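Peer 1: Residue numbers (the numbering used here): 2 to 138. Note that CB positions come from ideal geometry on N, CA and C, so glycine has one too. The structure presented is a predicted model; accordingly, all values stated were derived computationally and were not measured. Take this structure, written in structure tokens, and hold onto it; I'll ask about it next.
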Amino acid sequence: NKDKNIVMYCTGGIRCEKASAYLRYKGFPHVFHAEGGVIEYARKAREQCLPLKFIGKNFVFDERLGERITDDIIAQCHQCGKPCDNHTNCNNDGCHLLFIQCDECKNKYDGCCSDECKEEFHLPEEEQRARRAGRVN
């Protein structure tokens with residue numbers, strides 16, 4: 002039903018700008034989005050002493066990988082299942098998977114997502130490059 006209101010939100014608002022314009026172009030006239038995304042919403046809510054409805058850490062697409070909104074941890078380590086919300090990329094350049102990893106597992110796996118990636122990560126750089134190029138089994 003194109004007459005219903007559509008409300009969107011995203012990390013910082015940029016993708017919502019594009020997505021809401023696309024929906025309007027497709028004939029949905031009642032499209033709204035939280036200007037500035039979750040980050041601006043949290044700033045304004047704190048400024049006005051309003052309770053935050055967004056909890057935990059907001060994922061962001063830069064080197065920070067997250068901006069804490071509240072102290073709540075609503076995710077868990079992908080390896081051991083302990084409460085954690087630290088996004089990281091696998092240290093194995095042949096993988097580079099984005100995942101959530103606690104400090105204990107970061108130490109255990111040397112920042113890698115699996116035992117296999119840890120083994121690959123510890124190979125000599127030349128061998129890693131050869132494997133990524135498909136020259137080694």
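Does DSSP put GLY77 in a helix, in a strand, or in coil?
Peer 2: Strictly speaking, residue 77 in this sequence is Gln, with Gly absent from that position. Note: GLN77 maps to strand in three-state DSSP.
Peer 1: With a threshold of 7 Å on Cβ separation, who are the neighbours of ARG25 within its own chain once the five nearest residues in sequence on each side are excluded?
Peer 2: Same-chain partners within the cutoff: VAL32.
Peer 1: Mind reading off the beta-carbon distance from ILE40 to GLU18? Whole number of angstroms is fine, and I expect it under 8 Å.
Peer 2: At roughly 14 Å, the Cβ-Cβ gap does not stay under 8 Å, so ILE40 and GLU18 are not in contact.
Peer 1: What do you reckon, are the CB atoms on ASN92 and PHE122 nearer than 8 Å?
Peer 2: Closer than 8 Å, so yes.
Peer 1: Quick one: measure Cβ to Cβ for HIS88 and LEU66, integer angstroms, because I've assumed they're closer than 8 Å.
Peer 2: Sure, about 4 Å apart at Cβ, within 8 Å.
Peer 1: I'd like the list of long-range same chain contacts for ASN6, defined as Cβ closer than 6 Å, with 5 residues on each side in sequence excluded.
Peer 2: Excluding positions up to five away in sequence, the list reads HIS31.
Peer 1: Use the C-beta contact count for ASN2: other C-beta atoms within 10 angstroms, 16 or more gives buried, fewer gives exposed.
Peer 2: When all chains shown are included, ASN2 counts as exposed.
Peer 1: Nearest-angstrom Cα distance between TYR42 and PRO52?
Peer 2: Roughly 11 Å between the two C-alpha positions.
Peer 1: Below 8 Å between beta carbons: does that hold for GLY57 and ASP86?
Peer 2: In contact: GLY57 and ASP86 (Cβ atoms closer than 8 Å).
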